[in-house]
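Data block below; observations after.
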Amino acid sequence: MCKSNVMSTAAVRSTTGQRARVHPLPLRIMHWINAVAIFIMIGSGWKIYNDDILFSFLRFPDAIVIGKWAQYGLQWHFFGMWIFVLNGIAYLCYGIVSGRFWQKLFPISPREVFVTVGEALRFRLRHDDLTHYNAVQKALYLGVMAVGVLIVISGLALWKPVQFSELANLFGSFQNIRLVHFLCMTAIVAFIVVHVTLALLVPQSLLAMLTGGPPIDNARDAAPSAAAPIVPEIKPIPEIPTVPNIETSH
Amino acid sequence: MTIRPRTPSLFRPRKPIDQGVLTENRKLIDDINRRGLLRGAVSLGALTILTGCDVSEVDSVQKALRAVSSWNDGVQNAIFRANHLAPTFSPSRVMKPPRFNAYYPIEDVKPVYGATWTLELGGRIEDKRPWRAQQLYALPEQEIIIRHVCVEGWDYIGQWSGPNLRDFLQRVGADLTAKYVYFICADDYTESVDMPTALHPQTILATKYAGEVIGDPFGYPLRLRTSTKLGYKNAKWIKAIEVSNDFRETYWSERGFNWYAGI
Chain W
211 MCKSNVMSTA AVRSTTGQRA RVHPLPLRIM HWINAVAIFI MIGSGWKIYN
261 DDILFSFLRF PDAIVIGKWA QYGLQWHFFG MWIFVLNGIA YLCYGIVSGR
311 FWQKLFPISP REVFVTVGEA LRFRLRHDDL THYNAVQKAL YLGVMAVGVL
361 IVISGLALWK PVQFSELANL FGSFQNIRLV HFLCMTAIVA FIVVHVTLAL
411 LVPQSLLAML TGGPPIDNAR DAAPSAAAPI VPEIKPIPEI PTVPNIETSH
Chain G
75 MTIRPRTPSL FRPRKPIDQG VLTENRKLID DINRRGLLRG AVSLGALTIL
125 TGCDVSEVDS VQKALRAVSS WNDGVQNAIF RANHLAPTFS PSRVMKPPRF
175 NAYYPIEDVK PVYGATWTLE LGGRIEDKRP WRAQQLYALP EQEIIIRHVC
225 VEGWDYIGQW SGPNLRDFLQ RVGADLTAKY VYFICADDYT ESVDMPTALH
275 PQTILATKYA GEVIGDPFGY PLRLRTSTKL GYKNAKWIKA IEVSNDFRET
325 YWSERGFNWY AGI
């Protein structure tokens, strides 16, 4: 029994060539493609917004928009949309098929979210285990995915209010579609601010999105199945001194 | 006397950062070619400075972006529903007068003199005799109350009437299997639409707005009004119509706006 387990783990290792990591390679590639796509979509979207503003107090400075002229902004937006949508679909399929969403983002309890928010506000959040998402992370990732879907739907309705008139009608008016599209952008920008700030505060999480992060137990990472229930466990991380001990190293 | 311990920064993690990742990827970190990174950063910087901070204008980038725009023309053509009608509205929602749009301000509009104006016909059309305003205005009218959507983002409800374009093209013996219908305008503006759009039931040669002859700024004596295209595709002050199989750039597509511009 034990022996066969060891063998199957070894088999997995030999086929992948390396140990499974907290962020598998396809996921890292999709993350950074998405980062570029979002950058293009937001920058060019701001340029398009400037041509007919929704709020009299808000006009995006020329220095932070993509495209000097309206047509350039539009060209980038209708180029970036393909990357954003195709990559997004690939990501959702990957997350669902691999069981990763189910494993990483659920279950999520509202109580836990409140507790974690409190910890975060007092800077008491623990990030020593990168393989486990806390309740706020779960809520934010699920939320931003929902917003990502809504921004695509509202974008389709904006682009094709006649061809997809059934969809566009759900929004009430054409300007409502613009407003929803704009608010989704605002939510994504807010998410990015929090996401990037936290990634910079906990640099190993940023590094993990480049290198894959710490290796994880194959059994734990595997997609959940009826036969193997997931037991939440916290992996001990070896204590490493922050400051190298100069005296002993000599 | 006690020594007060230094207050740790709020941003400093309480536990030391896990250095495991660093040691594990030591080889990768050592491999980072700093010189190459620097060179790349400098050339990227130079590129943005040289182009006035807009890479969109670099030839290869602009070529690629326009290629995607052409691809998008094809996608829009593929999802076009030939007989799907755009939403229509009640006359109470009509904006009067309509909102002006052109490549110049409303003060620069040069009115067309209706008494001497003629509509020329060209290309794959059997009967190329020109039309005078009163002949066109005598044709059966179709009224549509539809939304005008500008590429800039604004919209309004307009009430347009005039001869249906499909009927008109049939009347003059146009080749309805041709690919494009071109509109040449009195202000040197050019525009074209694909044949499926020209044949759409809500595509008309508008002569009236809200029951009255169209005003000078809005295209008198003849303009295009289709429910399935952005505002700029609706050519105003039309002086010639040509049916053709050859693709030519039009005023805005030449300047980088999407040619198909469907909604």
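So the sequences go chain by chain: W and G. Residue numbers for the first sequence, in this note's numbering: 211 to 460. Residue numbers for the second sequence, in this note's numbering: 75 to 337. Ideal Cβ positions, reconstructed from N, Cα and C, are used throughout, including at glycine.
*Three-state class that DSSP yields for Arg221 (chain G) in the structure shown*: strand
Which chain G residues are close to Phe371 (chain W), counting only those with a beta carbon under 9 Å from its beta carbon? Residue identity check: residue 371 (chain W) is Pro in the sequence provided, not Phe. Correct list: Ala160, Pro161, Arg221, Val223, Asp229 and Ile337.
Cβ closer than 8 Å: which chain G residues qualify as neighbours of Ser348 (chain W)? The question names Ser, but residue 348 (chain W) in the sequence shown is Lys. Result: empty, since nearest Cβ-Cβ is about 21 Å, beyond 8 Å.
### Query
If we count the other Cβ atoms within 10 Å of its Cβ and call it buried at 16 or more, is Leu410 (chain W) buried or exposed?
exposed
*Just the chain G side, please: which residues come within less than 8 Å of Asn379 (chain W) by C-beta, in chain order?*
Pro161
Which one or two residues does DSSP pair with Arg340 (chain G) in a beta bridge?
No information on residue 340 (chain G) is available, as it lies outside the stretch 75 to 337 that chain G covers here.
What residues in its chain sit with their C-beta under 6 Å from that of Arg299 (chain G), if we drop five residues either side in the sequence?
Trp234, Ile278, Ala280 and Asn308
With 9 Å as the threshold, decide whether the Cβ of Trp242 (chain W) is near any Cβ in chain G. no
*asked:* Contact criterion: CB-CB distance below 9 Å. Does Phe154 (chain G) meet it with respect to chain W?
replied: yes
Q) Cα separation between Gly298 (chain W) and His391 (chain W)? A) 17 Å
*From Ala330 (chain W) to Leu352 (chain W), what does the alpha carbon distance come to, in whole angstroms?*
18 Å
- Among all the DSSP beta bridges, which residues are the ones paired with Trp205 (chain G)? G:Leu193
- Query: Is Ala252 (chain G) helix, strand or coil when you go by DSSP?
  - Reply: coil
ask   = Based on Cα-Cα distance, which residue from G:Leu239, G:Arg221 and G:Gln244 lies nearest to Lys370 (chain W)?
value = G:Arg221
8 Å Cβ cut-off: residues of chain G touching Arg388 (chain W): Gly227
Checklist line | Residues sharing a beta bridge with Phe257 (chain G), DSSP | finding: G:Glu265 and G:Ile315
CB Arg198 (chain G) to CB Ala141 (chain G), shorter than 9 Å?
no
field: Boundaries (first-last residue) of the beta strand (DSSP E) holding Gly232 (chain G)
entry: Asp229 to Gly236
(Q) Just verifying my parser: in three-state terms, what is the DSSP assignment at Tyr283 (chain G)? (A) strand
Checklist entry - Is there contact here, the segment 282-300 of chain G with the segment 170-181 of chain G, by at least three beta-carbon pairs under 8 Å? => result yes
**Report entry** Cut-off 7 Å between Cβ atoms - residues of its own chain near Leu264 (chain W), not counting five sequence neighbours on either side
**Finding:** Arg388, Leu389 and Phe392
- Message: Tell me the DSSP secondary structure of Ile276 (chain W) in three-state form.
- Response: coil
Next on the checklist: Using a Cβ-Cβ distance cut-off of 9 Å, determine whether Pro424 (chain W) contacts chain G.
Outcome noted: yes
request  = Leaving aside the five residues before and after Ala397 (chain W) along the sequence, list all residues of the same chain whose C-beta is less than 6 Å from its C-beta, in chain order.
outcome  = Val357
Subject >> Pro275 (chain G) to His158 (chain G) span [Cα, whole Å] >> reply: 9 Å
Quiz item: How long is the line joining the alpha carbons of Glu323 (chain G) and Phe311 (chain W), rounded to whole angstroms?
Solution: 47 Å
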